[in-house]
Amino acid sequence: MDTTDHVLIVDDDRGIRELIAGYLEKNGMRVSLAANGRQMRAALEQGAPDLIVLDLMMPGEDGLVLCRELRAGKFRAVPVLMLTARNEEADRILGLEMGADDYLPKPFAVRELLARIRAVLRRARMLPPGMQVTESAQMLGFGDWRLDTTARHLLDSEGTMVALSGAEYRLLRVFLDHPQRVLTRDQLLNLTQGRQADAFDRSIDLMVSRLRQRLRDEAREPRYIKTLRSEGYVFSAAVNVIEDQP
0 MDTTDHVLIV DDDRGIRELI AGYLEKNGMR VSLAANGRQM RAALEQGAPD LIVLDLMMPG
60 EDGLVLCREL RAGKFRAVPV LMLTARNEEA DRILGLEMGA DDYLPKPFAV RELLARIRAV
120 LRRARMLPPG MQVTESAQML GFGDWRLDTT ARHLLDSEGT MVALSGAEYR LLRVFLDHPQ
180 RVLTRDQLLN LTQGRQADAF DRSIDLMVSR LRQRLRDEAR EPRYIKTLRS EGYVFSAAVN
240 VIEDQP
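Going left to right, the sequence shown walks through residues 0 to 245 as numbering that gives the first Met the number 0 numbers them.
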């Protein structure tokens, strides 16, 4: 059986496609190329890759549209690493919200891209010991909320559904699987995006803020997600598995 990692590169810039492909192939990976959404879909019909490198800024269907499509279809489990020519923090968060597993701004070093790809693949295949997510649970209850982990719906006490982005769902899922446990920003970034934080990376703080808004959790006196200065965050509410559904 072929165990070579297969990466699909989707970028409208031929030079960048060939640069990435050449470097990844030299490092033992199998590579497929696509210049747009149509070619991406054609490549996916041949089988799911292990990871997709997806450019954000493309004419026609951009990376956000294609990432949303991937996350809504049968390839939703395939990790996505998004590339963009813009390094605005808002763009990074938007890409993560659409379901990207990591984000790398252009220009980039191909060595860093390879390291990011390997980190995302490791994360997709195995979580660190003691940090596994309980995928068997279908409904998790905490406070006034319930999370349907099959449909990925967050429900309030009245049964009203609150929409979650992909990044928000992954972050909440990590918290619910590790309640009353201090999680550092590095751990949260690794568990939700498969990489380590750099000195100026505030994406986890921003995602925590957005998730608090979804949970109607006051930042000054939070009921669910508490900040521990210089340590990280802790999910303080009790979490239970709801076995029987009406």
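From the three backbone atoms N, C-alpha and C, an ideal C-beta is built for every residue, glycine too.
Expressed to the nearest angstrom, what Euclidean distance is found between the alpha-carbon atoms of E230 and A41? Start at 1 with the first residue of the sequence shown, and residue 230 comes out as number 231. Start at 1 with the first residue of the sequence shown, and residue 41 comes out as number 42. Roughly 46 Å separates the two Cα atoms.
The ligand GTP heavy atoms versus the CB of M57: any closer than 6 Å? Absence of the ligand GTP from the depicted structure is noted, as is the absence of any ligand whatsoever, leaving it without description.
Beta-carbon of R75 versus every beta-carbon of chain C: anything under 7 Å? Judged by its chain identifiers, the structure shown contains no chain C, having just a single protein chain.
Where does V238 sit, in a helix, a strand or coil, going by DSSP? Reading the sequence shown from its first residue, position 239 is the one you call residue 238. Coil at V238, not helix or strand.
Please report the distance separating the alpha-carbon of G27 from that of R91. As a position in the sequence shown, residue 27 is number 28, starting the count at 1. As a position in the sequence shown, residue 91 is number 92, starting the count at 1. When rounded, the distance between both Cα atoms is 29 Å.
Determine the contact status of L120 and L50, defining contact as a CB-CB distance below 7 Å. Working through the sequence shown from its first residue, we reach residue 120 at position 121. Working through the sequence shown from its first residue, we reach residue 50 at position 51. It is a contact, given that the beta carbons lie within the stated cut-off.
Cutoff 7 Å; reference R222; Cβ partners in own chain excluding five residues on either side: The residue given as residue 222 occupies position 223 in the sequence shown. Excluding residues within five positions, the ones whose Cβ falls inside 7 Å are G142, D216, A236.
Take G62 and list the residues in its own chain whose beta-carbon comes closer than 6 Å to its own, dropping the five residues that flank it on each side. Numbered from its first residue, the sequence shown carries residue 62 at position 63. The residues are L53, D54, L55, M81.
Pairwise C-alpha distance: R37 and G59: The count along the sequence shown starts at 1 and reaches residue 59 at position 60. The count along the sequence shown starts at 1 and reaches residue 37 at position 38. So the alpha carbons of these two residues sit roughly 10 Å apart.
Classify M160 as buried or exposed, calling it buried when 16 or more other Cβ atoms lie within 10 Å of its own Cβ. Walking along the sequence shown from the start, residue 160 turns up at place 161. M160 comes out exposed.
Through-space distance from V173 to N189, alpha-carbon basis: Start at 1 with the first residue of the sequence shown, and residue 189 comes out as number 190. Start at 1 with the first residue of the sequence shown, and residue 173 comes out as number 174. Going by the C-alpha atoms only, they are around 11 Å apart.
Are L210 and E167 closer than 7 Å when you measure CB to CB? Translated into the one-based positions of the sequence shown, residue 210 becomes position 211. Translated into the one-based positions of the sequence shown, residue 167 becomes position 168. Yes. Within cutoff.
Residue ranges of each alpha helix (DSSP H) run of no fewer than 4 residues wholly in the region 12 to 51, ordered along the chain? 13 to 25, 36 to 44
Between D11 and the rest of its own chain, which residues show a CB-CB distance below 7 Å, the 5 nearest in sequence each way excluded? As a working note, residue 11 is residue 12 in the sequence shown. Contacts found: A34, N35, D54, M57, P58.
In the structure shown, what three-state DSSP assignment does Y223 receive? Looking up residue 223 in the sequence shown gives position 224. Correct three-state label for Y223: coil.
P106 burial status per 10 Å Cβ neighbour count (16 or more: buried): Counting from 1 along the sequence shown, the entry for residue 106 is found at position 107. Exposed: under 16 other Cβ atoms inside 10 Å.
Coil, strand or helix - G140 by DSSP: Counting from 1 along the sequence shown, the entry for residue 140 is found at position 141. G140: strand per DSSP, three-state reduction.
Residues near L93 by beta carbon distance below 7 Å, same chain, minus five either side: Position 94 of the sequence shown, counted from the start, is the residue given in the question as residue 93. Closer than 7 Å at Cβ, skipping near neighbours: L63.
Taking its Cβ as the centre, do 16 or more other Cβ atoms sit within 10 Å of R115, making it buried, or is it exposed? Within the sequence shown, numbered from 1, the residue matching residue 115 stands at position 116. Buried, since its Cβ has 16 or more Cβ neighbours within 10 Å.
First and last residue of the uninterrupted beta strand (DSSP E) at V9: For the purposes of this step, residue 9 is taken as the residue at position 10 of the sequence shown. First-last of the beta strand (DSSP E) with V9: 5 to 9.
With H, G and I counted as helix, E and B as strand and the rest as coil, what does DSSP make of D147? As a working mapping, residue 147 is identified with position 148 in the sequence shown. Here D147 sits in strand by DSSP.
To the nearest angstrom, how far is it from the Cα of L113 to the Cα of G98? Here residue 113 refers to the residue found at position 114 when the sequence shown is read from its first residue. Here residue 98 refers to the residue found at position 99 when the sequence shown is read from its first residue. Answer to the nearest angstrom: the Cα atoms are 20 Å apart.
In angstroms with no decimal places, state the Cα-to-Cα distance between R219 and F74. Against the sequence shown, residue 219 aligns to sequence position 220. Against the sequence shown, residue 74 aligns to sequence position 75. In a straight line, the C-alpha of R219 is about 39 Å away from that of F74.
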